[in-house]
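Undergrad: Read in the UniProt record's numbering, the sequence shown has 488 at position 488, and its numbers run on one by one without any break. Submitted below is the structure of interest, expressed as structure tokens.
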Amino acid sequence: MASAFGDGPTNPPRVLLAKLGLDGHDRGVKVIARALRDAGMEVVYLGMRVTVDQVAAAAAQEDVDVVGISILSGAHLRLMPRMVDALDRHGLRGSSTEDNVMLLVGGTIPDGDVQPLREMGVDGVFPVGTFTGEMVEFIHSALSSDAEHWDARLETMDPAERDGLILQKLQGQVRYAWERSGFYREFWRDAPVDPAHIQSLEEFARLPILTKEEVRVEQEAYPPYGRFLCVAQNDIHRIHGTSGTTGRPTVFGISKGDWERIGEAHARILWAAGVRPTDTVMVAAVFSLYVGSWGALVGAERLGATCFPFGAGAPGQTERAVEWAQMVRPAALYATPSYALYLAETAREMGVDPRTDFGFRLMFFSGEPGASVPATRQAIEDAFGCYVVDQGSMAEMTPWMTNGGCRRLARGMHLWQDIVYTQLVDPETSEPVVMGGEGVPVYTHLERESQPMIRYWSGDIARWEMADCPCGRTYPTLTQGIYGRADDMLIIRGQNVFPSRVEDVLRGLDEFGGEFRLVVARERGYLDQLTVQTEVSAGLWASAGEGGPEGLEALRDRVRDTLRRALGVGVSVELRPEGEFERTQFKARRVIDLR
């Protein structure tokens, strides 16, 4: 669909117009042709007094999406069945509607003839007096809803051809960062290849990998962005960041142009997920520094959907979400998988059936791996009677949807390589992993002017393949989504929690007894719960147990509240006497995962 529409695929529709019968003039159809061209469509006009077979043959030859017939003589009930039959004989109509040419008719058509025309196979009927804008909108909406791809050329491109396109983008992005970023100029100074003259994807893979810790150190030395910015600070349109659960948060600035490109990228990927301009999208996630909710919102807005930024996290908000979802009946929901299941449970407790009382057709998720976990995915689909799409890479790599599934993918995520280039590398050697192998995704922006991340280490574990998908997209696929971590990070209800951060908090407490364990369990089948089992110093344990100035219960509550503030997620705390946990001189195994 032409970009003039602003909310559909980028390939302009081709429309063939013709006049059947013995009409005496074609002034009206020429006005319509001009209006369609002004709306960005490609129009072929056959002229007056052509036959149905001439129209069908031309439609096949010109590879059109729409055939529009003008009849002023009143012969529409006689001629249009013949037109339908001719299109069928030329293979342009059939039992499968996906590739059918749309058939429209306009002219002197009484109201009583509209329904018979539709029953014989005419898709749209426009009597004399219909505004041309209505015709444009009808074609736009109908083709938008049926199209599989937002940009068919890019999404179905031969992978080898796409690699050439990616290389061109990489060359431009790397050269741009080399010239404008003080950090990359220093970071690549001793690289084994010349950043200004990358000649192949293999050469690009020899540039050093950038880690979150290196970003953090750089930004601490040159606050707030580090020397990553490639634009002036007053060109930053938005500031987002990570939560800082492992220490200092990382900050990323986004220019206005970048934000528009993020919206376009997310619209493409939401289109693949099945969101359409006629849908209402409910965003049930926190609106804060967290870019997930904002990314879902800007993508839905760019696509042309109705946006419902409901939010999350406030007391009683899930109960209100149940009430509002019944009133608004959104077609799509963005949240975390665990929140979706909690929403379903809350609804049932309120006497509401989430399958029939909400109206969700699809849900798209990020923040945790549940959407590609078969049991979790099935539980959500069963609870709501919808289908589920998995999405998400890293906040710093926004547009984060570039690991994103489609409505026809049963599990996993496509890698939208022409937006963010992803390589999988061995977690030990950082060498590239061949298709079919398991490794750590390393991401590179291809369209970022403000703060590009180039060869950015994710720490996630995934497996990639060149798997066929019914959608026809030719991207690599993370067949099981993101299912693990190269380090020991835990994901608790969408929040990253590192054992090292827990240790840092505990060791800052005078009461700490020297060792701890983290127990992760899944409550009610879907909610991940973290329990911190921590030793208490022997002296305090004894005094608290004897009813001293602070009992064990009060101590537990204080430790729990300290951890919650530091981690950004609620945890349970169990106190143990000093010496209960085994010490080790090697790597301590402190995580007990019962999920």
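For every residue, glycine included, the Cβ atom is placed at its ideal position computed from N, Cα and C. Please read all numbers here as calculations on a predicted model, not as lab measurements.
Here's a check: name, in chain order, each residue in its chain whose Cβ is nearer than 6 angstroms to the Cβ of Phe512, leaving out the five neighbours to either side.
TA: Leu506, listed in sequence order.
Undergrad: As an exercise, report each continuous alpha helix (DSSP H) stretch of at least 4 residues that is fully enclosed by the segment 197 to 259, in chain order.
TA: Within the segment 197 to 259, the complete alpha helix (DSSP H) runs of at least 4 residues are 201 to 204, 212 to 221.
Undergrad: Using only the alpha-carbon positions, how far apart do Leu575 and Ser430 sit?
TA: Taking the straight line joining both Cα atoms gives about 40 angstroms.
Undergrad: Among Gly570, Leu170, Leu552, which one has its Cα closest to the Cα of Val520?
TA: When each option's Cα is compared against that of Val520, the closest is Gly570.
Undergrad: Comparing C-alpha positions only, which one of Leu16, Leu20, Leu72, Gly68 sits nearest to Ala58?
TA: It is Leu16 whose Cα lies nearest to the Cα of Ala58.
Undergrad: What residue range does the alpha helix (DSSP H) around Thr479 cover?
TA: Thr479 -> no alpha helix (DSSP H), and no H or E assigned at all.
Undergrad: Does the segment 263 to 271 come into contact with the segment 400 to 407, if we say contact requires no fewer than three beta-carbon pairs (one atom in each stretch) closer than 8 angstroms?
TA: Counting Cβ pairs under 8 angstroms, three or more are found: they touch.
Undergrad: By Cβ distance, which residues of its chain are closer than 7 angstroms to Val136, with the 5 residues on each side in sequence left out?
TA: These residues qualify, in order along the chain: Ala35, Leu36, Ala39.
Undergrad: Among Thr156, Glu148, Pro249, Arg261, which one has its Cα closest to the Cα of Glu449?
TA: When only C-alpha atoms are compared, the closest one is Arg261.
Undergrad: Between which two residues does the beta strand (DSSP E) containing Met41 stretch?
TA: Counting along the chain, Met41 falls outside any beta strand (DSSP E), and DSSP gives it neither H nor E.
Undergrad: What is the rounded straight-line gap between the Cα of Leu594 and the Cα of Arg522?
TA: Their backbone Cα atoms lie some 7 angstroms apart in a straight line.
Undergrad: What is the DSSP secondary structure of Glu535, counted as helix, strand or coil?
TA: Glu535: strand per DSSP, three-state reduction.
Undergrad: Might you give, ordered along the chain, the residues of its own chain that have their beta carbon closer than 8 angstroms to the beta carbon of Thr156, omitting 5 neighbours on each side?
TA: Answer for Thr156: His149, Gly472, Arg473, Thr474, listed in chain order.
Undergrad: Check the DSSP bridge columns for Lys19 and list the partner residues they point to.
TA: Looking at the DSSP assignment, Lys19 forms a beta bridge with Ser70.
Undergrad: Quick check on Lys256: buried or exposed, where buried means 16 or more other Cβ atoms within 10 Å of its Cβ?
TA: Exposed is the call here.
Undergrad: With Met120 as the anchor, note down where its alpha helix (DSSP H) starts and where it stops.
TA: No alpha helix (DSSP H) holds Met120; DSSP gives it neither H nor E.
Undergrad: Closer than 7 angstroms by C-beta to Val125: which residues in its own chain qualify, once you throw out the five before and the five after it? Chain order, please.
TA: The residues are Val105, Ile109, Val114, Leu117, Arg118.
Undergrad: Grab me the residues of Ile482's own chain with a C-beta within less than 6 angstroms of its C-beta, minus the 5 sequence neighbours each way, in chain order.
TA: Pro369, Asp460, Ala462.
Undergrad: Within the continuous alpha helix (DSSP H) that includes His76, where are the two ends?
TA: Per DSSP, His76 belongs to the alpha helix (DSSP H) from 76 to 89.
Undergrad: Taking the alpha-carbon of Ala86 as reference, which of Ala486, Val283, Phe358, Val50 has the nearest alpha-carbon?
TA: Of Ala486, Val283, Phe358, Val50, the residue nearest in Cα terms is Val50.
Undergrad: Alpha carbon to alpha carbon, what distance is there between Thr534 and Asp504?
TA: Cα to Cα, the separation comes out at about 13 angstroms.
Undergrad: Report the three-state DSSP secondary structure of residue 598 (helix, strand or coil).
TA: Residue 598 falls outside the range modelled here, since the chain spans only 1 to 595, and no answer is possible.
Undergrad: Could you give the residue range of the alpha helix (DSSP H) that holds Tyr290?
TA: Premise fails: Tyr290 is in no alpha helix (DSSP H) and is neither H nor E.
Undergrad: What residue from Ala147, Gln54, Gln495 has the CA that sits closest to Val275's CA?
TA: If we check each option's Cα against that of Val275, Ala147 comes out closest.
Undergrad: What would DSSP say about Pro127, mapped onto helix, strand or coil?
TA: Pro127 falls in the strand class under three-state DSSP.
Undergrad: Is it right to say Ile239 is buried, meaning 16 or more other beta carbons lie within 10 angstroms of its own, or is it exposed?
TA: Label assigned to Ile239: exposed.
Undergrad: Relative to the alpha-carbon of Val151, which residue among Pro12, Met102, Pro192, Leu446 has its alpha-carbon at the smallest distance?
TA: The sequence shown places Asp at residue 151, not Val. Cα-wise, what sits closest to Asp151 is Pro12.
Undergrad: Excluding the 5 residues flanking Tyr456 on each side, which residues of the same chain have their C-beta closer than 6 angstroms to its C-beta?
TA: Leu210, Tyr443.
Undergrad: Name the DSSP beta bridge partners of Ile461, please?
TA: DSSP, once it has assigned bridges, lists Gly484 as partnering Ile461.
Undergrad: In chain order, which continuous runs of the beta strand (DSSP E) of length 3 or greater are located wholly inside the segment 280 to 357?
TA: Entirely contained in the segment 280 to 357, the beta strand (DSSP E) runs reaching 3 residues are, in chain order, 280 to 283, 306 to 308, 332 to 335.
Undergrad: So the candidates are Val281, Pro354, Thr318, Tyr176; which of them puts its Cα closest to the Cα of Cys307?
TA: Nearest C-alpha to Cys307: Val281.
Undergrad: Under a three-way DSSP split, which group does Ala410 fall into?
TA: Coil, per DSSP.
Undergrad: Quick one, which of Leu409, Arg361, Thr346 has its alpha-carbon nearest Cys386's?
TA: Of the candidates Leu409, Arg361, Thr346, the one whose C-alpha sits nearest the C-alpha of Cys386 is Arg361.
Undergrad: If you measure between the beta carbons of Phe365 and Arg329, is that distance less than 8 angstroms?
TA: No; because the gap between Cβ atoms is not below 8 angstroms, this pair is not in contact.
Undergrad: Along the chain, where does the alpha helix (DSSP H) containing Glu179 start, and where does it finish?
TA: Run containing Glu179: 159 to 180, per the alpha helix (DSSP H) assignment.
Undergrad: Taking the beta carbon of Met435 as the centre, do at least 16 other beta carbons fall within 10 Å, making it buried, or is it exposed?
TA: With fewer than 16 Cβ atoms within 10 Å of its Cβ, Met435 is classed as exposed.
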